[in-house]
Ligand SMILES: [Zn+2]
């Protein structure tokens, strides 16, 4: 079977956490640029430093979970705060304010998906949407995030540029996730 991005639904909860903290810091410090480019750049810098918290969006629960900073574990909250300040400094130093709309994505997902398809090549078994969502969130939570901000519609990540040991890791996490899915059947 061939798995496409539309066949599953996952979401990294850290994306909302980053949004909320960026919003808070912007409201407190007017010297920080809040244009969409700077915000997207800060967000990707923050997300690449935090452990992702992907969850599958299963058919029964239709949408994304609500996130509140008050409910965040205090260690995690402090970590996010530190990373946000770090990102603010970096973006302030090299702002891109070009006003274009940026599209934030985790390139690790494309890499995981193409590895999954390679593994499943010639495989007769099929997976339900829920199984694929569970599988992909398990895999993604084990991979170092590779968020980038790119213009919408721009070319996919050239996987050749990615460290081969990273690819090896992707494969092993997929095999482990497949095992977990099988044991749930
Ligand atoms: Zn800006």
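In my numbering, the protein residues as written are 45 to 229.
Cβ coordinates follow ideal geometry from the N, Cα and C atoms, glycine included.
None of these values were measured; they are calculated from a predicted model.
Give me, in chain order, the residues of the same chain whose beta-carbon lies closer than 7 Å to that of residue i; leave out the 5 immediate sequence neighbours on both sides.
i           : result
residue 182 : 221, 224
residue 160 : 47, 218
residue 141 : 77, 79, 81, 82
residue 206 : 155
residue 198 : In this predicted model, residue 198 has a pLDDT of only 49, less than 50, meaning its place in the structure is not dependable; the value taken from the coordinates is given anyway. Taken in chain order, the list of residues that qualify is empty.
For residue i, verify whether its CB is less than 8 Å away from any heavy atom of ligand 1.
i           : result
residue 75  : no
residue 140 : yes
residue 81  : yes
residue 78  : yes
State the beta-bridge partners of residue i as determined by DSSP.
i           : result
residue 150 : 191
residue 54  : 100
By a C-beta neighbour count over all protein chains shown, 10 Å radius and 16 as the cutoff for buried, is residue i buried or exposed?
i           : result
residue 73  : exposed
residue 180 : buried
residue 177 : buried
Among residues of its own chain, excluding the 5 on either side of residue i, which ones have a beta-carbon nearer than 8 Å to its beta-carbon?
i           : result
residue 163 : 215, 218, 219, 222
residue 96  : 56, 58, 150, 184, 185, 187, 189
In chain order, what residues of the same chain have a beta carbon less than 6 Å from the beta carbon of residue i, not counting five sequence neighbours either side?
i           : result
residue 135 : 82, 85, 86
The region 50-62 contacting the region 99-119, beta-carbon criterion three pairs below 8 Å: yes
Using 8 Å as the threshold, is the region 82-90 in touch with the region 59-71, meaning 3 or more CB pairs across them? Three or more Cβ pairs closer than 8 Å define a contact, and the region 82-90 meets that threshold against the region 59-71.
If we count Cβ pairs, one from each stretch, closer than 8 Å, do we get three or more for the region 182-192 versus the region 122-130? Counting C-beta pairs with one atom in each stretch, the region 182-192 and the region 122-130 have fewer than three that are closer than 8 Å, which means they do not touch.
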